[in-house]
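Be aware that the sequence shown starts at 420, since it is given in my numbering, and climbs by one per residue.
Glycine included, every Cβ here is placed at the ideal spot set by N, Cα and C.
Given the structure is predicted, the values throughout are model-derived calculations rather than measurements.
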Amino acid sequence: MAGKNNTRILMQFALLAIVLTAAIMVKEATCIPICNIDTNDLEKCRPAVTGNKPPRPGPDCCAVARSANLQCLCPYKPYLSSFGINPSRVRPLLAQCGINSIPSCF
Numbered sequence: 420m421a422g423k424n425n426t427r428i429l430m431q432f433a434l435l436a437i438v439l440t441a442a443i444m445v446k447e448a449t450c451i452p453i454c455n456i457d458t459n460d461l462e463k464c465r466p467a468v469t470g471n472k473p474p475r476p477g478p479d480c481c482a483v484a485r486s487a488n489l490q491c492l493c494p495y496k497p498y499l500s501s502f503g504i505n506p507s508r509v510r511p512l513l514a515q516c517g518i519n520s521i522p523s524c525f
């Protein structure tokens with residue numbers, strides 16, 4: 420019976436490894452480049468654009484903001500909330516990152 424249990428545990432472990440690998444592949448495949456930003460990189464800025472008192476953006480977030488084509492993002496502003504971004508917090512984030520040429524849409 421011990422052999423049967425070991426085989427069962429190995430099969431469960433193998434299944435878990437397959438599921439985790441598939442999840443990683445799906446996450447990488449769902450990264451969509453928009454206006455010089457990969458949508459997965461927006462996660463780096465999420466803390467600075469959510470909540471009542473968001474923290475200052477970190478260096479990784481500011482790097483994402485600096486690489487973005489901000490004018491290109493203007494038509495997407497209504498959809499930012501679907502990525503967990505409060506659109507009214509974008510302008511302060513950009514200013515805190517030292518970005519001076521902020522499009523009027525933000």
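Cα-Cα separation between residue i and residue j, rounded to whole angstroms
i, j, result
"Pro-497", "Arg-510", "14 Å"
"Gln-515", "Ser-501", "23 Å"
"Cys-524", "Cys-493", "6 Å"
"Cys-481", "Pro-506", "16 Å"
"Pro-452", "Thr-458", "6 Å"
"Ser-486", "Asn-425", "51 Å"
"Ile-456", "Gly-470", "23 Å"
"Glu-462", "Leu-499", "12 Å"
Three-state class that DSSP yields for residue i in the structure shown
i, result
"Pro-474", "coil"
"Pro-360", "This structure cannot speak to residue 360, because the chain is shown only from 420 to 525."
"Thr-522", "Inspection of the sequence shows that residue 522 is occupied by Pro rather than by Thr. DSSP places Pro-522 in coil when its eight states are reduced to three."
8 Å Cβ cutoff met for residue i and residue j
i, j, result
"Arg-508", "Val-468", "yes"
"Pro-522", "Leu-489", "yes"
"Pro-476", "Cys-464", "yes"
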